[in-house]
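**Student:** Take this structure first; my questions come after.
Protein chains: 2
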Amino acid sequence: MAQRRTPTIKDVAASAGVGIATVSRVFSGGSVSAATRERVLAAARDLDYRPSALGRGLKLRRSGGIGLIVPDVTDPFCAELIAGVLACARTLGEHVIVDAAHGDPSREAEIVERLVEQRVDGVIAQPAGTEADWRAAARVCSSVVFAGRALPGLPQIPAVLADDAGGVRSLTEYLAGLGHRRIGFLGAAPGSPSRVREDAFRATLAQLGVPVEEDLVVAARPVGDAAYAAAAGLLQRRDDVTAVLAAGHLLGEAAVLVARELDLRVPADVSIAMVDDVAWAELCDPPLTAVARPARDIGYRACEMLLREPARRGRGGPVLLATELVVRGSCGPLRTARR
Amino acid sequence: MAQRRTPTIKDVAASAGVGIATVSRVFSGGSVSAATRERVLAAARDLDYRPSALGRGLKLRRSGGIGLIVPDVTDPFCAELIAGVLACARTLGEHVIVDAAHGDPSREAEIVERLVEQRVDGVIAQPAGTEADWRAAARVCSSVVFAGRALPGLPQIPAVLADDAGGVRSLTEYLAGLGHRRIGFLGAAPGSPSRVREDAFRATLAQLGVPVEEDLVVAARPVGDAAYAAAAGLLQRRDDVTAVLAAGHLLGEAAVLVARELDLRVPADVSIAMVDDVAWAELCDPPLTAVARPARDIGYRACEMLLREPARRGRGGPVLLATELVVRGSCGPLRTARR
DNA sequence: ATGAAAGCGCTAACAC
DNA sequence: GTGTTAGCGCTTTCAT
Numbered sequence: 021m022a023q024r025r026t027p028t029i030k031d032v033a034a035s036a037g038v039g040i041a042t043v044s045r046v047f048s049g050g051s052v053s054a055a056t057r058e059r060v061l062a063a064a065r066d067l068d069y070r071p072s073a074l075g076r077g078l079k080l081r082r083s084g085g086i087g088l089i090v091p092d093v094t095d096p097f098c099a100e101l102i103a104g105v106l107a108c109a110r111t112l113g114e115h116v117i118v119d120a121a122h123g124d125p126s127r128e129a130e131i132v133e134r135l136v137e138q139r140v141d142g143v144i145a146q147p148a149g150t151e152a153d154w155r156a157a158a159r160v161c162s163s164v165v166f167a168g169r170a171l172p173g174l175p176q177i178p179a180v181l182a183d184d185a186g187g188v189r190s191l192t193e194y195l196a197g198l199g200h201r202r203i204g205f206l207g208a209a210p211g212s213p214s215r216v217r218e219d220a221f222r223a224t225l226a227q228l229g230v231p232v233e234e235d236l237v238v239a240a241r242p243v244g245d246a247a248y249a250a251a252a253g254l255l256q257r258r259d260d261v262t263a264v265l266a267a268g269h270l271l272g273e274a275a276v277l278v279a280r281e282l283d284l285r286v287p288a289d290v291s292i293a294m295v296d297d298v299a300w301a302e303l304c305d306p307p308l309t310a311v312a313r314p315a316r317d318i319g320y321r322a323c324e325m326l327l328r329e330p331a332r333r334g335r336g337g338p339v340l341l342a343t344e345l346v347v348r349g350s351c352g353p354l355r356t357a358r359r
Numbered sequence: 021m022a023q024r025r026t027p028t029i030k031d032v033a034a035s036a037g038v039g040i041a042t043v044s045r046v047f048s049g050g051s052v053s054a055a056t057r058e059r060v061l062a063a064a065r066d067l068d069y070r071p072s073a074l075g076r077g078l079k080l081r082r083s084g085g086i087g088l089i090v091p092d093v094t095d096p097f098c099a100e101l102i103a104g105v106l107a108c109a110r111t112l113g114e115h116v117i118v119d120a121a122h123g124d125p126s127r128e129a130e131i132v133e134r135l136v137e138q139r140v141d142g143v144i145a146q147p148a149g150t151e152a153d154w155r156a157a158a159r160v161c162s163s164v165v166f167a168g169r170a171l172p173g174l175p176q177i178p179a180v181l182a183d184d185a186g187g188v189r190s191l192t193e194y195l196a197g198l199g200h201r202r203i204g205f206l207g208a209a210p211g212s213p214s215r216v217r218e219d220a221f222r223a224t225l226a227q228l229g230v231p232v233e234e235d236l237v238v239a240a241r242p243v244g245d246a247a248y249a250a251a252a253g254l255l256q257r258r259d260d261v262t263a264v265l266a267a268g269h270l271l272g273e274a275a276v277l278v279a280r281e282l283d284l285r286v287p288a289d290v291s292i293a294m295v296d297d298v299a300w301a302e303l304c305d306p307p308l309t310a311v312a313r314p315a316r317d318i319g320y321r322a323c324e325m326l327l328r329e330p331a332r333r334g335r336g337g338p339v340l341l342a343t344e345l346v347v348r349g350s351c352g353p354l355r356t357a358r359r
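Protein sequence lines, in the order shown, are assigned to chains V and C. If you use my numbering, the first sequence corresponds to residues 21 to 359, in order. If you use my numbering, the second sequence corresponds to residues 21 to 359, in order.
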């Protein structure tokens, strides 16, 4: 059984004794008589015919797929976001080209370039690059939607985000409500364009009449060792810290590890809470109080916005999706200095 | 500034005063004089020209991308596998269309269909469907490689797998070496075609002269509640079980949760170990002993095999990648019955 | 080294 | 309802 050439619309037409236009109509939903349709379908089945998205795409000047750029597919938040995008794309009949930029703007730019060459119908990104990078990218992309993170300087690019400020506020209020005053804040790196988390922390504290000690607000690149170092530095430098608010799961992980290393009991000696309700939050001991960001919804909405609401693009600022405070056992009432 | 039509090779050719063949050569690495190349490049830059992968793909009858089908992108193992595939694909200049089948064979078949229409250069899959499904899929796909899971009945489809048998063996030997004799085994559902984990467990025990009690070998669908129910059933039914070997991270999670619920101390009352060294294994208390599967390498190798070694396809059975036993604090020496 | 021309497989007028 | 035809943007002989 020799491997024949992949059958084309022409083969099907010939085999069914009709014109190619009729075959096209059968597969793209034109009007065809039932009898003819049957004949065509039979011939197609017979030949193992699959319409070529390449041919169709060339004609239509679009591929029927979208691009999705995230920092890292193994990050739980990104993974959920991807799942949301896939779910929505599926309902709309689009495929998704996924790639990871790993925080490297030039790599991200390459990915965008590639997606443009693929003539994707649009791209969803949790951006790593600068505003200039994305200003350029937006010019060349048919359309872009930011998801999970946005660039404040580009309000014309629609975005779907978690209400991070609200999340941090509720976390801060929760800790303050337990009596904590010296709360350490583990935030993202200084270069980070979206300091909304840190800002919300400061604002909430101020609002509560709690003075913000600069010494307690530390920034770290959200990478294993950097985060660990930052957490260790904070907890060792200030043994009067009674609670730590980690602005991300990697930072939270670092806090848990450092507390364990320093033999601090949680929450007796120090309370820990974080942004991102990842799987291990429930598994660790004690289970960690966290603010859940609706990652999957963010992905889903972003995809919907990209594909269904091209009109609405960018109107009225970013879409903010509510976070949810999940209280577990890692935070307790203020007792006394830990030593 | 009106939004002009996307420039084509023809526009560039005209603007540079050359033929379209020359432009094509410039972008696909043909031989062109330095001066001409410069002119073309300048014109292209000028027009914001990007070669259309659709046009090229149609001509070449391939899209330059591959398909990747996993059960669930949010599963840590799958996510790592995806990362591996992306890393390799990137080095080979291919893009990756990712989709999740969620264990549904018909959905998986749809995805395959779609990928074929896209004329992907090949597909990598952690298969959910039956052997019949994939026999059919393989006929219509240019090429397929299984990753992380394979179908024993289709040895002609190359596969890259973790050495699961070896992993379970080392875990079993480790527990037995600690003195445990009544080891509960939490395995995957009965329908599972690859019972290698359970088989390895039984074989190792037999080899060690430890009788296998059927009552201690339970199967559960690896889904939250089913896994929990199975673990709870096991631990409640047999309070003489001194160790649990979970054949996957969801099963392990269930074991940890149940132990906590039943107020069993780990490892004093019961030792717990599992397959899959996911992030939370290190974070939970006590940290969990686990066997790490090289998910990323599996993805990378699978991609490499798909794209670089089309010759070697399926020769010599599946490629087995070594697992690694990561000993942490969740397993202790046998002491006494727990109550 | 470069250009002209023939498709790659498909859709969308347009005729009938 | 159905067939004919003209491209969609590209690569690739084949001349020059």
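Built from N, CA and C at the ideal position, the CB exists for glycine as well.
Taking all protein chains shown into account, do 16 or more other C-beta atoms lie within 10 angstroms of the C-beta of V/Ser44, making it buried, or fewer, making it exposed?
**Tutor:** By 1-based counting over the first sequence, the position of residue 44 of chain V is 24. So V/Ser44 ends up on the buried side.
**Student:** Contact between the segment 57-65 of chain C and the segment 29-42 of chain C is defined here as three or more beta-carbon pairs at a separation below 8 angstroms; is this criterion met?
**Tutor:** yes
**Student:** What residues in its chain sit with their C-beta under 8 angstroms from that of V/Glu193, if we drop five residues either side in the sequence?
**Tutor:** For the purposes of this step, residue 193 of chain V is taken as residue 173 along the first sequence, with counting starting at 1. Hits under 8 angstroms: Thr224 and Leu228.
**Student:** For V/Asp119, which residues does DSSP report across the bridge?
**Tutor:** Taking the first sequence and counting its residues from 1, one reaches residue 119 of chain V at position 99. The bridge partners DSSP lists for V/Asp119 are V/Ile89.
**Student:** Does DSSP classify C/Glu344 as helix, strand or coil?
**Tutor:** As a position in the second sequence, residue 344 of chain C is number 324, starting the count at 1. Reduced to three states, the DSSP call for C/Glu344 is strand.
**Student:** Could you please give me the residues that DSSP links to C/Gly204 through a beta bridge?
**Tutor:** Residue mapping note: residue 204 of chain C aligns to position 184 of the second sequence, counting from 1. Beta-bridge pairing links C/Gly204 to C/Val264.
**Student:** Could you tell me whether the Cβ atoms of V/Arg70 and C/Val143 are closer together than 9 angstroms?
**Tutor:** Numbered from 1 along the first sequence, position 50 holds the residue referred to as residue 70 of chain V. Numbered from 1 along the second sequence, position 123 holds the residue referred to as residue 143 of chain C. No.
**Student:** C/Ser350 versus chain V: which residues are under 9 angstroms apart at the beta carbon?
**Tutor:** As a first step, residue 350 of chain C is located in the second sequence; it is residue number 330 there, counting from the start. Within 9 angstroms Cβ-Cβ: nothing; C/Ser350 doesn't reach chain V, min ~12 angstroms.
**Student:** Determine the DSSP secondary structure at V/Ser190, reduced to helix, strand or coil.
**Tutor:** Locating residue 190 of chain V in the first sequence gives position 170, where the first residue counts as 1. Three-state DSSP puts V/Ser190 in a helix.
**Student:** Do V/Leu171 and C/Leu74 have their C-beta atoms within less than 9 angstroms of each other?
**Tutor:** In the first sequence, the residue the question calls residue 171 of chain V occupies position 151. In the second sequence, the residue the question calls residue 74 of chain C occupies position 54. No.
**Student:** Quick one: measure Cβ to Cβ for C/Phe221 and C/Val188, integer angstroms, because I've assumed they're closer than 8 angstroms.
**Tutor:** Stepping through the second sequence from its first residue, residue 221 of chain C is reached at position 201. Stepping through the second sequence from its first residue, residue 188 of chain C is reached at position 168. Between C/Phe221 and C/Val188, the beta carbon gap of about 5 angstroms places them in contact (Cβ cut-off 8 angstroms).
**Student:** Buried or exposed: where does V/Gln176 fall if 16 or more other Cβ atoms within 10 Å of its Cβ makes it buried?
**Tutor:** Taking the first residue of the first sequence as position 1, residue 176 of chain V is located at position 156. Burial call: exposed.
**Student:** Restricting to runs no shorter than 4 residues, where is the alpha helix (DSSP H) found entirely within the segment 234-297 of chain V?
**Tutor:** 244-257 and 269-281
**Student:** Which of helix, strand or coil does DSSP assign to C/Met21?
**Tutor:** Your numbering for residue 21 of chain C matches position 1 in the second sequence. Residue confidence is low: C/Met21 scores 45 on pLDDT, short of 50, so the model does not pin down where it sits. Its coordinate-derived value is still stated next. It is coil, neither helix nor strand.
**Student:** My guess is that C/Ile292 and C/Gly104 are in contact by the Cβ rule of under 8 angstroms, so how many angstroms apart are they, rounded?
**Tutor:** Numbered from its first residue, the second sequence carries residue 292 of chain C at position 272. Numbered from its first residue, the second sequence carries residue 104 of chain C at position 84. No, C/Ile292 and C/Gly104 are not in contact; Cβ-Cβ is about 28 angstroms, not under 8 angstroms.
**Student:** Using a Cβ-Cβ distance cut-off of 9 angstroms, determine whether C/Ile117 contacts chain V.
**Tutor:** Here residue 117 of chain C is taken as the residue at index 97 of the second sequence, counted from 1. Yes, contact with chain V.
**Student:** V/Ser291 touches chain C at which residues, Cβ-Cβ below 9 angstroms?
**Tutor:** Looking up residue 291 of chain V in the first sequence gives position 271. Per Cβ cutoff of 9 angstroms: no residues; V/Ser291 is ~16 angstroms from chain C at best.
**Student:** Express the C-alpha separation of V/Ala185 and V/Glu233 in angstroms, rounding to a whole number.
**Tutor:** Here residue 233 of chain V refers to the residue found at position 213 of the first sequence. Here residue 185 of chain V refers to the residue found at position 165 of the first sequence. Cα to Cα, the separation comes out at about 19 angstroms.
**Student:** Using the Cα positions of V/Asp259 and C/Gly197, report the straight-line distance between them to the nearest angstrom.
**Tutor:** Position 239 of the first sequence, counting from 1, holds the residue named residue 259 of chain V. Position 177 of the second sequence, counting from 1, holds the residue named residue 197 of chain C. Computed Cα separation, rounded: 42 angstroms.
**Student:** By Cβ distance, which residues of its chain are closer than 8 angstroms to V/Phe97, with the 5 residues on each side in sequence left out?
**Tutor:** Counting from 1 along the first sequence, the entry for residue 97 of chain V is found at position 77. Here the set comprises Gly168, His269, Asp296, Val298, Arg313 and Ala315.
**Student:** Could you spell out the range, first to last residue, of the alpha helix (DSSP H) harbouring C/Leu106?
**Tutor:** Translated into positions along the second sequence, residue 106 of chain C becomes position 86. Run containing C/Leu106: Pro96 to Thr111, per the alpha helix (DSSP H) assignment.
**Student:** Is there a Cβ of chain C sitting closer than 9 angstroms to that of V/Ala73, yes or no?
**Tutor:** Taking the first sequence and counting its residues from 1, one reaches residue 73 of chain V at position 53. True, the Cβ-Cβ gap to chain C drops below 9 angstroms.
**Student:** Whose C-beta lies closer than 7 angstroms to the C-beta of V/Val90 among residues of the same chain, with five residues either side of it excluded?
**Tutor:** Here the question's residue 90 of chain V lines up with position 70 in the first sequence. Same-chain partners within the cutoff: Cys98, Leu101, Ile102, Ala120 and Gln146.
**Student:** In angstroms with no decimal places, state the Cα-to-Cα distance between V/Asp183 and V/Arg335.
**Tutor:** Walking along the first sequence from the start, residue 183 of chain V turns up at place 163. Walking along the first sequence from the start, residue 335 of chain V turns up at place 315. When rounded, the distance between both Cα atoms is 18 angstroms.
**Student:** To be precise: take each residue of the segment 95-108 of chain C, compare its Cβ to all Cβ atoms of chain V, and keep it if any distance is under 9 angstroms. Which residues remain?
**Tutor:** Asp95, Pro96, Cys98, Ala99, Glu100, Ile102, Ala103, Leu106 and Ala107
**Student:** Could you give the first and the last residue of the continuous alpha helix (DSSP H) run that contains C/Ala33?
**Tutor:** Stepping through the second sequence from its first residue, residue 33 of chain C is reached at position 13. Its alpha helix (DSSP H) spans residues Ile29 to Ala36.
**Student:** Once DSSP output is grouped into helix, strand and coil, what is the label at V/Ala179?
**Tutor:** Numbered from its first residue, the first sequence carries residue 179 of chain V at position 159. V/Ala179 falls in the strand class under three-state DSSP.
**Student:** At 8 angstroms on the CB atoms, spell out the chain C contacts of V/Val160, in chain order.
**Tutor:** Position 140 of the first sequence holds residue 160 of chain V. Those are Asp68 and Arg70, listed as they occur along chain C.
**Student:** Can you tell me the Cα-Cα spacing of V/Thr42 and V/His115, whole angstroms?
**Tutor:** In the first sequence, the residue the question calls residue 42 of chain V occupies position 22. In the first sequence, the residue the question calls residue 115 of chain V occupies position 95. When rounded, the distance between both Cα atoms is 26 angstroms.
**Student:** If you measure beta-carbon to beta-carbon, which residues of the segment 261-276 of chain C are closer than 7 angstroms to chain V?
**Tutor:** Answer set for the segment 261-276 of chain C: Glu273 and Val276.
**Student:** From the DSSP secondary-structure annotation, give me the bridge partner or partners of C/Thr309.
**Tutor:** Numbered from 1 along the second sequence, position 289 holds the residue referred to as residue 309 of chain C. Beta-bridge partners assigned by DSSP to C/Thr309: C/Ala293.
**Student:** How should V/Arg359 be labelled, buried or exposed, when 16 other C-beta atoms within 10 angstroms of its C-beta is the threshold for buried?
**Tutor:** Looking up residue 359 of chain V in the first sequence gives position 339. For V/Arg359, the pLDDT reaches just 48, beneath the cut-off of 50, and the residue's location in the model is therefore unreliable, although a value from the coordinates is still provided. Flag for V/Arg359 reads exposed.
**Student:** Determine the DSSP secondary structure at C/Ala63, reduced to helix, strand or coil.
**Tutor:** If you number the second sequence from 1, residue 63 of chain C lands on position 43. Three-state DSSP puts C/Ala63 in a helix.
**Student:** Grab the span of the alpha helix (DSSP H) containing V/Ala226 for me, first residue to last.
**Tutor:** Start at 1 with the first residue of the first sequence, and residue 226 of chain V comes out as number 206. Val216 to Gln227 is the extent of the alpha helix (DSSP H) around V/Ala226.
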